[in-house]
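Protein chains: 4
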Amino acid sequence: MVASASEADGVFERLKATCPEDWAAYTGHAFVRNLGDGTLAEPCFRWYLAQDYLFLIHFARAYALAAFKSDTLEDIRQATATLDALINGEMQLHLKYCAGWGLTERDMAALPEAEQNLAYTRYVLERGLSGDLLDLLVALAPCVLGYGEIGRALLADPTTRLEDNPYLDWIEVYGGGEYQEVAAAAQAQLERVARARLGPDPTASPRWPGLTATFGSATRLEVGFWDMGLAPPAGFGDA
Amino acid sequence: MVASASEADGVFERLKATCPEDWAAYTGHAFVRNLGDGTLAEPCFRWYLAQDYLFLIHFARAYALAAFKSDTLEDIRQATATLDALINGEMQLHLKYCAGWGLTERDMAALPEAEQNLAYTRYVLERGLSGDLLDLLVALAPCVLGYGEIGRALLADPTTRLEDNPYLDWIEVYGGGEYQEVAAAAQAQLERVARARLGPDPTASPRWPGLTATFGSATRLEVGFWDMGLAPPAGFGDA
Amino acid sequence: MVASASEADGVFERLKATCPEDWAAYTGHAFVRNLGDGTLAEPCFRWYLAQDYLFLIHFARAYALAAFKSDTLEDIRQATATLDALINGEMQLHLKYCAGWGLTERDMAALPEAEQNLAYTRYVLERGLSGDLLDLLVALAPCVLGYGEIGRALLADPTTRLEDNPYLDWIEVYGGGEYQEVAAAAQAQLERVARARLGPDPTASPRWPGLTATFGSATRLEVGFWDMGLAPPAGFGDA
Amino acid sequence: MVASASEADGVFERLKATCPEDWAAYTGHAFVRNLGDGTLAEPCFRWYLAQDYLFLIHFARAYALAAFKSDTLEDIRQATATLDALINGEMQLHLKYCAGWGLTERDMAALPEAEQNLAYTRYVLERGLSGDLLDLLVALAPCVLGYGEIGRALLADPTTRLEDNPYLDWIEVYGGGEYQEVAAAAQAQLERVARARLGPDPTASPRWPGLTATFGSATRLEVGFWDMGLAPPAGFGDA
Chain A
1 MVASASEADG
11 VFERLKATCP
21 EDWAAYTGHA
31 FVRNLGDGTL
41 AEPCFRWYLA
51 QDYLFLIHFA
61 RAYALAAFKS
71 DTLEDIRQAT
81 ATLDALINGE
91 MQLHLKYCAG
101 WGLTERDMAA
111 LPEAEQNLAY
121 TRYVLERGLS
131 GDLLDLLVAL
141 APCVLGYGEI
151 GRALLADPTT
161 RLEDNPYLDW
171 IEVYGGGEYQ
181 EVAAAAQAQL
191 ERVARARLGP
201 DPTASPRWPG
211 LTATFGSATR
221 LEVGFWDMGL
231 APPAGFGDA
Chain B
240 MVASASEADG
250 VFERLKATCP
260 EDWAAYTGHA
270 FVRNLGDGTL
280 AEPCFRWYLA
290 QDYLFLIHFA
300 RAYALAAFKS
310 DTLEDIRQAT
320 ATLDALINGE
330 MQLHLKYCAG
340 WGLTERDMAA
350 LPEAEQNLAY
360 TRYVLERGLS
370 GDLLDLLVAL
380 APCVLGYGEI
390 GRALLADPTT
400 RLEDNPYLDW
410 IEVYGGGEYQ
420 EVAAAAQAQL
430 ERVARARLGP
440 DPTASPRWPG
450 LTATFGSATR
460 LEVGFWDMGL
470 APPAGFGDA
Chain C
479 MVASASEADG
489 VFERLKATCP
499 EDWAAYTGHA
509 FVRNLGDGTL
519 AEPCFRWYLA
529 QDYLFLIHFA
539 RAYALAAFKS
549 DTLEDIRQAT
559 ATLDALINGE
569 MQLHLKYCAG
579 WGLTERDMAA
589 LPEAEQNLAY
599 TRYVLERGLS
609 GDLLDLLVAL
619 APCVLGYGEI
629 GRALLADPTT
639 RLEDNPYLDW
649 IEVYGGGEYQ
659 EVAAAAQAQL
669 ERVARARLGP
679 DPTASPRWPG
689 LTATFGSATR
699 LEVGFWDMGL
709 APPAGFGDA
Chain D
718 MVASASEADG
728 VFERLKATCP
738 EDWAAYTGHA
748 FVRNLGDGTL
758 AEPCFRWYLA
768 QDYLFLIHFA
778 RAYALAAFKS
788 DTLEDIRQAT
798 ATLDALINGE
808 MQLHLKYCAG
818 WGLTERDMAA
828 LPEAEQNLAY
838 TRYVLERGLS
848 GDLLDLLVAL
858 APCVLGYGEI
868 GRALLADPTT
878 RLEDNPYLDW
888 IEVYGGGEYQ
898 EVAAAAQAQL
908 ERVARARLGP
918 DPTASPRWPG
928 LTATFGSATR
938 LEVGFWDMGL
948 APPAGFGDA
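Chains as they are written, first to last, in the numbering used here: chain A, 1 to 239; chain B, 240 to 478; chain C, 479 to 717; chain D, 718 to 956.
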């Protein structure tokens, strides 16, 4: 939620500063605000969460790809830790909500992917395959770090409704300590890999424009994902 | 444009028969009909063709990927021949039209990708990377073979307007002998690789449902691409 | 250590039965026998273990690749579990031995890879990238399942020296329950993926000859790895 | 064949200057000298050429991979041009020699790969898949540019035997204008991509040590390939 960055800032802050409007559109999206005040229509949340479950399968694959693309055991371990947090931590949130709606994991896996979902996940995976580890981590950053920022901001915001908010579990997962640690470790890896590949001033590298283009595209694909959440298909989530 | 397939049919016919409505929606799309009768609004065609130029860059990469994923020199040569036809043949059509509008190749390469374009190309590339050569060829089939079918049908259709149709070059390229040969060779490779990996009755393989899912997804992404063509962004193609 | 297989056998047994001499050369190699009777020269073991540490980095990357190439969450989870067992379990054996020799993890990571090591790891990774998940699991099988078989056989063999054998830790790790469970789960995944992609009779699939060629190559590369262990470079492992 | 490089030199010269002994061992190998004076034993040449045919299949796949990994149409076209030169040009030399020995293309494709061959090709492919386009082009450089250098040097060397040298075709292919153009274009791409990713002083990039390690490994794998050529298996190449 920052629109400018100074030289002292890390790579993540400087990437955000290259697309401040897109970043604000993502982190301050109506979907997010309505999670915060508890006014989001339930079919929207159901549709979002079901798609996000499918999304996480491909995001887990993307962190597996990051482990494959690593040159050092440190990077393999970090990518594996994030992968493990996704499939053994974050996804439990989805399964818990879905169980509450009478949906099994098998039901979830059988849903068709929305186009915005497919576009985002395949974009990230393909970027990681055609580029190097840094291209992949930059493509992953808007999701893994943005959700940390959104969760933290919602918890810190005095207007967020904490009582009787059906989405409180969501807010507490992404704003909570466990996810914040996952995000901090992912951010530390991004900073480290960026410096190891671009040198002490990443913005001076000839790769910087390409990396900011990737970051901007992934951020806009996040906006599209929230838009999708606000427009569940007719009949979805009824009964 | 076929809704049923018998055992004697090849893999391509049998794939189409698993999603006849999607296939008809693609090959008989309003965009196609309006190319045929020459009534397509020029901004739609410009927007489509500019996006298709970006699309072909990624499709060329997908055929390069097919060459990489080949086990035999025969498959490397066939994929390279298709790649060569794309970048040294088909793209010339785009450059010719675009030159007529005062657009250089550099202008074209600088356009932002529409989301439907990004979704389709990255889906195909990722399918090829996570699967094997057959998964990739099946994901590529709706485009390379479908365009051949569309071009052939338009040329054979007595209602197609051949005089003073601004899109005649497009129709003649895809319906013409050179492209038909490219498509026939691509189809022959699909049939050959399918049998080499699935055996004499591909539909009996446990992989068949997954392959038909890929084919159906790619076909629907083609429909989305035509839809995109009918909805150019405001101001595009004016002047 | 089986030279024939019947229809009732699983895919792993049937793969072994296609290259019985190579499999025997691998699992009954002089290096293995000398681990068992404790007569292996220490420089050989040091050289082997240092190379095996580098090997495991690339094998961890290969299991990460398997997670990426998975179509189902079940396969992602299984590949991640094996990956985790490699980097957080098996590698501890190497670090423990190496610490006993005064070698740090950094020292280990800085050693140059022997050519046999490079050949084997890159072969497996490339097979996984150009093929599908099954090609990759078949390329991985001789290592992950072969070590389980070797460890189990050494522990069961009455001629194995259990007292004062400097290599007892190695034998107990690979013959022990924890590793045997890792191997059993990896084997179950191989059987499941093979049937899901080849049908109930994998040997009748047109892919079978290619898969047996991969399995045979990987087995011979294991033989080369033991050969390498018996021939440490001059001066290696001296105090 | 250069052991030092100044700042004015291109990336290729500066890469060579980081491993002058390996580069000299490769370009001045006994196999090369014996091609030049025509004293190479024919079974060695046959064995080398048959393995090199298999090598070129994987090298063609590596250039296809470079086309896939390209961000620009210019790089796709250049990689495709090199790919085309390999499969439609260079390989004709192999087929011509082999036809002279009564070997068909099918015979060649059926030969087992020597381990040095497998190690080299899979190393290059895997480097390209786990890294970016530049990592791949650096891994490819010792082969494509080194053969150009070797061919040119042999043709320029007054001690090279031009009459009654059974290997004259080989020398003339790699020293000849057509191959020299392929090599020059590949070198230009390496220089261009290096500057586009590392900036005006590539050696100052934090990636430089990793790139020189890749170049050094590939050069040593070329030395291993010549060594392999000098040691055909017993009975190979006998009438």
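C-beta: ideal position from N, C-alpha, C; glycine also. Keep in mind the model is a prediction, meaning the values are calculated, not measured.
Going by DSSP in three states, P521 of chain C sits in which element: helix, strand or coil?
helix
Which residue wins for smallest C-alpha separation from F762 of chain D, given the options D:A742, D:F748, D:A870, D:E822?
Looking only at D:A742, D:F748, D:A870, D:E822, the smallest Cα-Cα distance to F762 of chain D is reached by D:F748.
Closer than 8 Å, CB to CB, is A196 of chain A near chain D or not?
yes
Secondary structure at T821 of chain D, three-state DSSP: helix, strand or coil?
Look at T821 of chain D here: in three-state DSSP terms it is coil, with no helix or strand label.
Could you list which residues in chain C have their beta carbon closer than 8 Å to that of Y743 of chain D, in chain order?
Per Cβ cutoff of 8 Å: no residues; Y743 of chain D is ~15 Å from chain C at best.
Does the distance from the CB of V651 of chain C to the CB of Y657 of chain C come in under 8 Å?
The Cβ atoms of V651 of chain C and Y657 of chain C sit closer than 8 Å to each other.
Taking DSSP as the reference, what is the three-state secondary structure of E830 of chain D?
coil
In chain order, what residues of the segment 796-819 of chain D put their CB closer than 9 Å to some CB of chain B?
Cβ contacts with chain B: A796, T797, L800, D801, I804, N805, M808.
Taking buried to mean at least 16 other C-beta atoms within 10 Å of its own C-beta, is D261 of chain B buried or exposed?
buried
Whole angstroms are fine: how far does the CA of E354 of chain B sit from the CA of L469 of chain B?
Looking at the backbone, the Cα of L469 of chain B and that of E354 of chain B are separated by about 14 Å.
Which complete alpha helix (DSSP H) runs does the segment 641-681 of chain C hold, if anything under 4 residues is left out?
646-653, 655-676
Quick one: what's got a C-beta closer than 6 Å to E113 of chain A's C-beta in the same chain, skipping five residues either side?
L54
Output, in sequence order along the chain, the residues in the segment 442-462 of chain B whose CB is closer than 9 Å to any CB in chain C.
The residues in question are A443, S444, P445, R446, G449.
Are the C-beta atoms of D371 of chain B and some chain C residue less than 8 Å apart?
Yes, its Cβ sits closer than 8 Å to a Cβ of chain C.
Can you list, in chain order, the residues of the segment 405-419 of chain B whose Cβ is nearer than 8 Å to any Cβ on chain C?
none
Taking Cβ-Cβ distances shorter than 9 Å, what residues in chain C pair up with A836 of chain D?
E593, Q594, L596, A597, Y598, R600, Y601
Would you kindly work out how many angstroms separate the C-alpha atoms of E669 of chain C and L375 of chain B, rounded to a whole number?
C-alpha separation (whole angstroms): 24 Å.
Quick check: what's the CA-CA separation for T398 of chain B versus N273 of chain B?
Whole-angstrom Cα-Cα distance: 11 Å.
Can you tell me the Cα-Cα spacing of Y541 of chain C and V622 of chain C, whole angstroms?
Spanning the two alpha carbons is a distance of roughly 11 Å.
Please state the DSSP three-state secondary structure of A720 of chain D.
Residue placement at A720 of chain D cannot be trusted, given a pLDDT of 46 that sits under 50; what the coordinates show is reported in the next sentence. Correct three-state label for A720 of chain D: coil.
Mapping the DSSP letters down to three states, classify A239 of chain A as helix, strand or coil.
Unreliable positioning characterises A239 of chain A in this predicted model, as indicated by a pLDDT of 47, which lies under 50. The coordinate reading is nonetheless provided below. If DSSP states are grouped into helix, strand and coil, A239 of chain A belongs with coil.
Give the secondary structure of T936 of chain D by DSSP, where H, G and I count as helix, E and B as strand, and everything else as coil.
Of the three classes helix, strand and coil, the one that applies to T936 of chain D here is helix, per DSSP.
Run through chain B and tell me which residues come within less than 8 Å of G677 of chain C, C-beta to C-beta.
A443, S444, P445
Excluding the 5 residues flanking A563 of chain C on each side, which residues of the same chain have their C-beta closer than 7 Å to its C-beta?
V660
Report the option in A:L49, A:H58, A:L125 whose CA atom is closest to the CA atom of I554 of chain C.
Nearest of A:L49, A:H58, A:L125 to I554 of chain C, Cα basis: A:H58.
If you drop the 5 nearest sequence neighbours on each side, which residues of the same chain put their C-beta closer than 7 Å to that of T453 of chain B?
So the qualifying residues of the chain are R366, D374, V377, A378.
Mapping the DSSP letters down to three states, classify R400 of chain B as helix, strand or coil.
coil
Measure from the alpha carbon of K494 of chain C to the alpha carbon of each residue in C:A696, C:D705, C:F703, C:G702, then state which is nearest.
C:A696
If we count the other Cβ atoms within 10 Å of its Cβ and call it buried at 16 or more, is A3 of chain A buried or exposed?
The predicted model places A3 of chain A with a pLDDT of 46, which falls under 50 and marks its position as unreliable; any figure quoted below should be read in that light. Exposed is the call here.
What do you get for C258 of chain B, buried or exposed, if any count of 16 or more other CB atoms within 10 angstroms of its CB means buried?
buried
With a cut-off of 8 Å, does the C-beta of K16 of chain A fall near any C-beta of chain D?
no
Using the beta-carbon of each residue, which ones in chain D are nearer than 7 Å to L708 of chain C?
None at all; the shortest Cβ gap to chain D is about 16 Å.
Given A99 of chain A, which residues of its chain have a CB within under 7 Å of its CB, disregarding the five upstream and five downstream residues?
none
Would Y287 of chain B pass as a contact of G385 of chain B if the rule is Cβ separation under 8 Å?
no
Where G38 of chain A and G102 of chain A are concerned, what is the direct C-alpha to C-alpha distance, given to the nearest angstrom?
21 Å
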